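Written out below as structure tokens is the structure these notes cover.
Number of protein chains: 2
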Amino acid sequence: MPIAQRESISASVTATKMRLLDVSGRLFAESGFDSVSLRLITENAEANLAAVNYHFGSKEELIAAVVEKLVGPVNQRRLALLRQINLDVSGACQSIVEAFIDPVIEAASRGDEEDQKFCKLMSRCIASRDERITSLVLRQFPEVLAKFVDALRLVCPWISSDVAHMRIMFMAGAMAHSLFHYDKLVIISEGRCEISSLDSLRDELVQFISAGMLADTSK
Amino acid sequence: MPIAQRESISASVTATKMRLLDVSGRLFAESGFDSVSLRLITENAEANLAAVNYHFGSKEELIAAVVEKLVGPVNQRRLALLRQINLDVSGACQSIVEAFIDPVIEAASRGDEEDQKFCKLMSRCIASRDERITSLVLRQFPEVLAKFVDALRLVCPWISSDVAHMRIMFMAGAMAHSLFHYDKLVIISEGRCEISSLDSLRDELVQFISAGMLADTSK
DNA sequence: AGAGAATTCAAACAAACGTTTAATTGAGTT
DNA sequence: AACTCAATTAAACGTTTGTTTGAATTCTCT
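Take a look at the structure:
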């Protein structure tokens, strides 16, 4: 039924196309990109099986659309937050770490979906082991990496360029891993670790990584 | 009727079976567990297509064999190293971190294969997003987690149980992520970061994580 | 209302997958 | 030499996958 077609004639994005994007993201978060079939997607989106190929061309292009829609805004927000930091004040290192992490937490909390789903999908993008995914994600990442390395080395002059690059990688890994698995911590710890909210996870991540960033081997 | 029977004679492991295990590990490291077909495995192992089902029962059991053969010894070595640590001396925190990381580095360097392949496979096991894999890996992990949490809290009494659990998770994430992606750092950094050996990566990991472990929020 | 583009639909496609089957080999035992 | 049984082989099985097709339907605009 034509209800929401009041606006935007030329730049029209079909309701079905948006539904496919939305459902795909939710299913990809749960089971990964490969495990989710087009049949499962189109059934959940109440669309025809051929809808994905019609609107996106192929499953691969659907995945690309989901990934880029997800990581693009996050990286832009990271750069925006980084620009706002006064690198001269003490605590600037923690601000850098927050500029990297908070865009993900914000996006997760802002979403109409549950936080978990978003975190899992984001984690699958950041730390994917699939070359087809990483090539999509890493396309935007060189700029982010370079800017954060520069900022980090301004705040911590004793860190070499190589070490700075590695530490950014450590940060990404710690974040991606814990974003994906933090809800399992209760089980793995056999009840010894209580459920932690996403916000408390964020706080601990910032503390841990900030301390790691400030580490001085030569000291 | 061929039956994939449990090894009544424990010493008898066929040459074909060992070749399948070896080739599977190498291929799984490159492309992941799902993407590698039994046909590709058996061709590379110069065995018949039915060989996997004959010797292991199913592909799933082959994966389980590969995973357990890989992560089992590493976890045992972790616990052994942890027991040897004198938790009273200064620098004990770094020793704990080393006890977690070094077994992986040792196994990678000891292998007859290239380091990269081993690291990628190990990383796929540790930080897998596939429930079927994580359930295998995490079976042994509660003991490791509990022991490392206890040791960490002895050395850093100001850390709560919840925070200790999270920091172990951060450590695993930083390690797994960098083990898998460190060889890509040259490309992502657009040449600004030189190739780093596995040993130098290990040293920086230890420095970074040790500092993170020692972080004191209340300070 | 009617022409034309855009979308949806059911059906079929070829390819790849893990698994199973039945026949065959080959060394060790009686 | 006949028998045994684990191991290997070629071939086929039934599913599932992404993709394509052509007709039917719905929407847009004059």
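First to last, the protein sequences are chains H and Z.
Residues 466 to 684 (the numbering used here) are what the first sequence spells out, left to right.
Residues 466 to 684 (the numbering used here) are what the second sequence spells out, left to right.
Note that CB positions come from ideal geometry on N, CA and C, so glycine has one too.
Computed from a predicted model, the values in this text were never measured in an experiment.
Chain Z contact residues for residue i, given Cβ-Cβ distances below 7 Å
i, result
"H/Ser709", "Shown here, chain H extends from 466 to 684; a query on residue 709 of chain H therefore has no answer."
"H/Ala637", "His642"
Where residue i meets chain H, residues with beta-carbon distance less than 9 Å
i, result
"Z/Gly497", "Asp499, Arg594, Asp595"
"Z/Leu619", "By Cβ distance, chain H contributes nothing, its closest Cβ being about 15 Å from Z/Leu619, past 9 Å."
Short CB-CB distance (under 8 Å) between residue i and chain Z
i, result
"H/Leu666", "yes"
"H/Leu552", "no"
"H/Pro607", "yes"
"H/Gln581", "no"
"H/His520", "no"
"H/Ser634", "Looking at the sequence provided, one finds Met at residue 634 of chain H rather than Ser. Output row for H/Met634: interface = yes."
"H/Arg589", "yes"
"H/Arg543", "no"
"H/Ile570", "no"
"H/Leu603", "yes"
"H/Ala611", "yes"
"H/Ser683", "no"
"H/Ala680", "yes"
"H/Ser560", "no"
"H/Ser661", "yes"
"H/Val478", "no"
Counted within 10 angstroms of its Cβ, other Cβ atoms place residue i as buried (16 or more) or exposed
i, result
"Z/Glu669", "buried"
"Z/Asp580", "buried"
"H/Tyr519", "exposed"
"Z/Ala545", "exposed"
"Z/Pro467", "With a pLDDT of 41 at Z/Pro467, under the threshold of 50, the predicted position of this residue should be treated as unreliable, and no value is reported."
"H/Met636", "buried"
"H/Glu616", "As written in the sequence, residue 616 of chain H is Ala, which differs from the Glu given in the question. Flag for H/Ala616 reads buried."
"Z/Phe673", "buried"
"Z/Met483", "exposed"
"Z/Val609", "buried"
"Z/Arg604", "exposed"
"H/Asp627", "buried"
"H/Glu508", "exposed"
"Z/Glu563", "buried"
"Z/Gly497", "buried"
"H/Lys534", "exposed"
"H/Thr479", "exposed"
"Z/Arg589", "buried"
Unbroken alpha helix (DSSP H) run spanning residue i, endpoints
i, result
"Z/Ser574", "557-575"
"H/Cys658", "Counting along the chain, H/Cys658 falls outside any alpha helix (DSSP H), and DSSP gives it neither H nor E."
"Z/Val501", "First-last for Z/Val501: undefined, no H or E at that position."
"H/Ile598", "596-620"
"Z/Gln541", "524-548"
"H/Lys582", "580-591"
"Z/Ser686", "Residue 686 of chain Z lies beyond the range of chain Z shown here (466 to 684); nothing can be said about it."
"Z/Val517", "516-521"
Where residue i meets chain H, residues with beta-carbon distance less than 7 Å
i, result
"Z/Glu669", "Val628, Met631"
"Z/Gly418", "Since the first residue of chain Z shown is 466 and the last is 684, residue 418 of chain Z is not available in this structure."
Chain H within 8 Å of residue i, Cβ atoms only
i, result
"Z/Ser475", "Only weak support exists for where Z/Ser475 lies, its pLDDT of 38 falling under 50; the value from the coordinates is given anyway. Cβ-Cβ to chain H under 8 Å: no for Z/Ser475."
"Z/Phe645", "yes"
"Z/Ile686", "Since the first residue of chain Z shown is 466 and the last is 684, residue 686 of chain Z is not available in this structure."
"Z/Arg484", "no"
"Z/Ser654", "yes"
Contacts of residue i in chain H (Cβ-Cβ under 8 Å)
i, result
"Z/Leu650", "His630, Met631, Met634"
"Z/Ala564", "Neighbours of Z/Ala564 on chain H: none; closest Cβ ~18 Å, over 8 Å."
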